[in-house]
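Read through the structure below, which is laid out as structure tokens, and then see the notes.
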Amino acid sequence: HHALINKNINERKKSLLITIILGIFFLNKEKISPFECGFNPSSRARLSFRTQFFIIKLIFLIFDIEIALLLPLTFISINFNPFIISYSFTFLFILICNIGLYIEYNEYSLD
Numbered sequence: 418h419h420a421l422i423n424k425n426i427n428e429r430k431k432s433l434l435i436t437i438i439l440g441i442f443f444l445n446k447e448k449i450s451p452f453e454c455g456f457n458p459s460s461r462a463r464l465s466f467r468t469q470f471f472i473i474k475l476i477f478l479i480f481d482i483e484i485a486l487l488l489p490l491t492f493i494s495i496n497f498n499p500f501i502i503s504y505s506f507t508f509l510f511i512l513i514c515n516i517g518l519y520i521e522y523n524e525y526s527l528d
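Using the numbering used here, you'd call the opening residue of the sequence shown number 418 and step up by one each time.
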């Protein structure tokens with residue numbers, strides 16, 4: 418079983434290496450340009466963005482996932498007799514996320 422997996426991995430490595438080598442030899446101006454349709458771009462195709470916006474988007478994503486993970490805990494606490502255990506897990510989860518937010522705020526990542 419492991420021999421088949423190793424053989425598959427080695428074949429993928431070989432095909433990737435062949436693709437990279439052949440790709441280097443067959444580069445031309447049109448393939449390197451951001452638009453492959455033949456016209457010359459009037460400006461840069463890639464726009465720069467500030468990392469601050471990326472970090473804010475990442476923090477929003479983390480808290481969005483937090484909400485998605487907290488919703489099932491309400492149903493667990495209804496069906497689960499010891500409310501203290503379910504509420505302590507919920508409190509611990511929110512506490513860890515808020516500590517992370519506090520650290521980000523103190524490192525001025527949000528500014």
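Even for Gly, the Cβ is constructed at its ideal location relative to N, Cα and C.
Within its own chain, no residue has a Cβ closer than 6 Å to the Cβ of Phe480 once the five positions on either side in sequence are excluded. Arg429 carries a helical assignment under DSSP once its states are collapsed to helix, strand and coil. Linking Thr507 to Ser465 through their CA atoms gives a straight-line distance of about 39 Å.
Taking the CA atoms as reference points, Leu490 sits about 13 Å from Ile482. Of Gln469, His419, Thr468, Phe510, the smallest CA-CA separation from Leu488 is found for Phe510. When rounded, the separation of the alpha-carbon atoms in Ile435 and Glu428 is 11 Å.
Per DSSP, reduced to three states, the secondary structure at Tyr504 is helical. A direct Cα-to-Cα measurement between Gly517 and Asn423 gives close to 40 Å.
Our two residues, Leu421 and Tyr525, have alpha carbons roughly 50 Å apart in a direct line. Spanning the alpha carbons of Lys430 and Glu521 requires a straight line of approximately 39 Å.
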